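Novice: There's a structure below that I have some questions on.
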Amino acid sequence: MTIERKHVGPRMSQVAIYGNTVFLAGITAEQRGGTSVAEQTAEILARIDTLLAEAGSSKEQVYKATIWLRDIAAFDEMNSVWDKWVVPGHTPVRATVEARLAMPDVLVEIQVEAAKA
Amino acid sequence: MTIERKHVGPRMSQVAIYGNTVFLAGITAEQRGGTSVAEQTAEILARIDTLLAEAGSSKEQVYKATIWLRDIAAFDEMNSVWDKWVVPGHTPVRATVEARLAMPDVLVEIQVEAAKA
Amino acid sequence: MTIERKHVGPRMSQVAIYGNTVFLAGITAEQRGGTSVAEQTAEILARIDTLLAEAGSSKEQVYKATIWLRDIAAFDEMNSVWDKWVVPGHTPVRATVEARLAMPDVLVEIQVEAAKA
Chain F
174 MTIERKHVGP RMSQVAIYGN TVFLAGITAE QRGGTSVAEQ TAEILARIDT
224 LLAEAGSSKE QVYKATIWLR DIAAFDEMNS VWDKWVVPGH TPVRATVEAR
274 LAMPDVLVEI QVEAAKA
Chain H
174 MTIERKHVGP RMSQVAIYGN TVFLAGITAE QRGGTSVAEQ TAEILARIDT
224 LLAEAGSSKE QVYKATIWLR DIAAFDEMNS VWDKWVVPGH TPVRATVEAR
274 LAMPDVLVEI QVEAAKA
Chain W
174 MTIERKHVGP RMSQVAIYGN TVFLAGITAE QRGGTSVAEQ TAEILARIDT
224 LLAEAGSSKE QVYKATIWLR DIAAFDEMNS VWDKWVVPGH TPVRATVEAR
274 LAMPDVLVEI QVEAAKA
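Residue numbers (my numbering), protein chains in the order written: chain F, 174 to 290; chain H, 174 to 290; chain W, 174 to 290.
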């Protein structure tokens, strides 16, 4: 079994496909100056949709998600966007914890694993 | 290959089975008011035992664990419970880090991946 | 499918092989007193090379990495070592977050998953 990588950079790739599984990098928002946690979450989830589609998967097939919040006080705000994004009956296992992220204006980072269709 | 999910909520599932692997959510204790890290760890590990059994697995087949502690100073206290729970010769790979968790009285959260029997 | 474990301790194992995947524990440096983030990162990545080789894999086959930094301000310093270690065209998906680790002098911890050759 070989690993297929997409959006391959010198430091990391955005997507790795191994066997029947699609692994995405921890995704952060590009629009950050002054944006809210809700706005960053929405941008991240849209980006995840795009990356999963490129890999032959979709949010319905996400089985695991890890979410890091710069301030855990934003838990409800993040969830207000997350809860509308997930597909009823197809929600993944999840862990959400607080962590300072690569840059101070990165308020949320989300990483998922999904089945390949 | 399809994903089988158990304890499926609108936000997340507690269990996802994909291929030969059982993925559990990050598990926290329900008894939290005034409980210790050791007590929360014991409740979590008992809950993990139950969820793994429902998924056709067991702690002997856990190959990976991630542990978040609200205060890393509780490392030894958590381990005092963990060390008695794991099965000699069948210990998983593990990472343990400090992180504020969803609510202030969540002192520890544990997530595991296990082989399906 | 059975799980093969290596460097099996009473608390955790350093390596678990399940199916076609090699899972490593979160690896920390043993040389810590007064060492820099760059030095600890270099020791960790050398240790990962050794563990992967023992498991029949290599850094070229790492598809996922998680990095914890005690102080996210060391992001660039860690990356200066990481960027030279990874194999061009074979970079993994990655998430890097700040977290206090098991002991105060643990400045960085790295965990990887890799394909078995």
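Even glycine gets a Cβ: it sits at the ideal position worked out from N, Cα and C.
What you are looking at is a predicted structure, and each value in this text was computed from that prediction instead of being measured.
1) Identify whether residue 289(W) lies in helix, strand or coil by the three-state DSSP scheme.
2) Closer than 7 Å by C-beta to residue 222(W): which residues in its own chain qualify, once you throw out the five before and the five after it? Chain order, please.
3) Taking 8 Å as the CB-CB cut-off, is residue 264(H) touching chain W?
4) Please work out which residues of its chain come closer than 7 Å, Cβ to Cβ, to residue 146(W), disregarding the five sequence neighbours upstream and downstream, and give them in chain order.
5) Does DSSP put residue 284(F) in a helix, a strand or coil?
6) Give a single yes or no on whether residue 236(F) has its beta carbon closer than 7 Å to a heavy atom of the ligand SAM.
7) Below 8 Å between beta carbons is the criterion; list the residues of the segment 250-262 of chain H that meet it against any residue of chain F, in chain order.
8) Does DSSP put residue 178(W) in a helix, in a strand, or in coil?
9) Quick one: complete alpha helix (DSSP H) runs, 4+ long, within the segment 228-266 of chain F?
10) Listing by chain order, which chain F residues have their CB less than 9 Å from the CB of residue 197(H)?
11) From residue 195(H) to residue 290(H), what does the alpha carbon distance come to, in whole angstroms?
12) In whole angstroms, what separates the C-alpha of residue 241(H) from that of residue 175(F)?
13) State the Cα-Cα distance for the pair residue 266(W) and residue 198(F), rounded to the nearest angstrom.
14) Out of 276(H), 259(H), 275(H), 244(H), point me to the one whose CA is closest to residue 269(H)'s CA.
15) Would you please verify whether the beta carbon of residue 236(H) is less than 8 Å from any beta carbon of chain W?
16) Does the segment 201-208 of chain F come into contact with the segment 244-256 of chain F, if we say contact requires no fewer than three beta-carbon pairs (one atom in each stretch) closer than 8 Å?
17) From the DSSP output, in three-state form, read off residue 223(H) for me.
18) Spell out the partners DSSP gives residue 197(F) in its beta bridges.
Specialist: Short version:
1) coil
2) 232
3) yes
4) Residue 146(W) lies beyond the stretch modelled for chain W, which goes from 174 to 290, so this question has no answer here.
5) strand
6) Because no ligand of any kind appears in the structure shown, any question about the ligand SAM cannot be addressed here.
7) none
8) strand
9) 248-258
10) 266
11) 10 Å
12) 32 Å
13) 4 Å
14) 244(H)
15) yes
16) no
17) helix
18) 188(F)
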